[in-house]
Amino acid sequence: DAGVTQSPTHLIKTRGQQVTLRCSPKSGHDTVSWYQQALGQGPQFIFQYYEEEERQRGNFPDRFSGHQFPNYSSELNVNALLLGDSALYLCASSALAGLGFHEQYFGPGTRLTVT
Amino acid sequence: AQSVTQLDSQVPVFEEAPVELRCNYSSSVSVYLFWYVQYPNQGLQLLLKYLSGSTLVKSINGFEAEFNKSQTSFHLRKPSVHISDTAEYFCAVSVSYFNFGNEKLTFGTGTRLTIIP
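And the structure:
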């Protein structure tokens, strides 16, 4: 089992550009959540996708958007990049269906640097 | 809304000494509580969790945490630390109703644990 995978590992973009980050969930998982971890901070929840729909959203501007595909993989898109968007972007997957607690498994993250 | 406070940003500890990492939370509804560990250049790993029942929860590598509802705390402890415990530790909460374990996680700012040989 490959676990949660993310690509690319590192990315450097210029202010004003757009970026797409990708996440493949752990086998058997149908829910993907995205978090932003700025340097020296804890992760902040961006949004969660289930059944190709945005299920929950944190306090992030509309420049942050996402998508979930039928195979449950997901993309995070950020438009009009700002210097403050520089961070580690973490993807977490879990299984929504069924009773009981379902742990969120995190990927290694994508390090985005905006210059 | 929920919030998590980790007052200690850095904790240096000598090897084989005990350690306590503090976590306090605020919430108007019942929550689940978690400790995650992040090793350098890696993602987050769940260390232990409190869902219900016994207020003392333990991990397989010697860490334990105790849920104290009256003090809204969930401090992490280990009686004897090792070099391999050097990492960033994050306390987190999620609401405990609706879909179990799939609600968003709210994290603290983290505590960097450094083990001194």
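Heads up: the protein sequence lines correspond to chains H and X, in order. So in the working numbering, the last spot in the first sequence is 115, and the numbers never skip. So in the working numbering, the last spot in the second sequence is 1117, and the numbers never skip. We treat Cβ as the ideally placed atom computed from N, Cα and C, and that holds for glycine.
Boundaries of the beta strand (DSSP E) in which residue i is found, first to last residue
i	result
cysteine 91 of chain H	87-94
asparagine 1024 of chain X	1024-1026
lysine 1078 of chain X	1073-1078
glutamine 1010 of chain X	1010-1014
valine 1095 of chain X	1087-1095
isoleucine 1115 of chain X	1111-1116
isoleucine 46 of chain H	44-50
threonine 20 of chain H	19-24
arginine 15 of chain H	Premise fails: arginine 15 of chain H is in no beta strand (DSSP E) and is neither H nor E.
Residue j beta carbon less than 7 Å from that of residue i
i	j	result
arginine 22 of chain H	glutamate 75 of chain H	yes
valine 1031 of chain X	leucine 1047 of chain X	no
phenylalanine 1063 of chain X	leucine 1076 of chain X	yes
serine 1003 of chain X	serine 1026 of chain X	yes
glycine 42 of chain H	threonine 1109 of chain X	yes
isoleucine 1116 of chain X	proline 1012 of chain X	yes
Inter-residue Cα distance where the pair is residue i and residue j
i	j	result
alanine 1017 of chain X	proline 1079 of chain X	7 Å
serine 93 of chain H	glutamate 1088 of chain X	21 Å
phenylalanine 1014 of chain X	arginine 15 of chain H	44 Å
serine 1073 of chain X	leucine 1033 of chain X	9 Å
leucine 1051 of chain X	lysine 1104 of chain X	15 Å
glutamine 37 of chain H	leucine 83 of chain H	14 Å
tyrosine 50 of chain H	proline 70 of chain H	10 Å
Residue environment, residue i, which counts as buried when at least 16 other CB atoms sit within 10 Å
i	result
glutamine 48 of chain H	buried
proline 25 of chain H	buried
glutamine 44 of chain H	buried
alanine 87 of chain H	buried
lysine 1049 of chain X	buried
isoleucine 12 of chain H	exposed
Coil, strand or helix - residue i by DSSP
i	result
isoleucine 1060 of chain X	coil
serine 7 of chain H	strand
serine 65 of chain H	strand
leucine 1105 of chain X	coil
serine 73 of chain H	coil
serine 1084 of chain X	helix
leucine 83 of chain H	helix
alanine 1065 of chain X	strand
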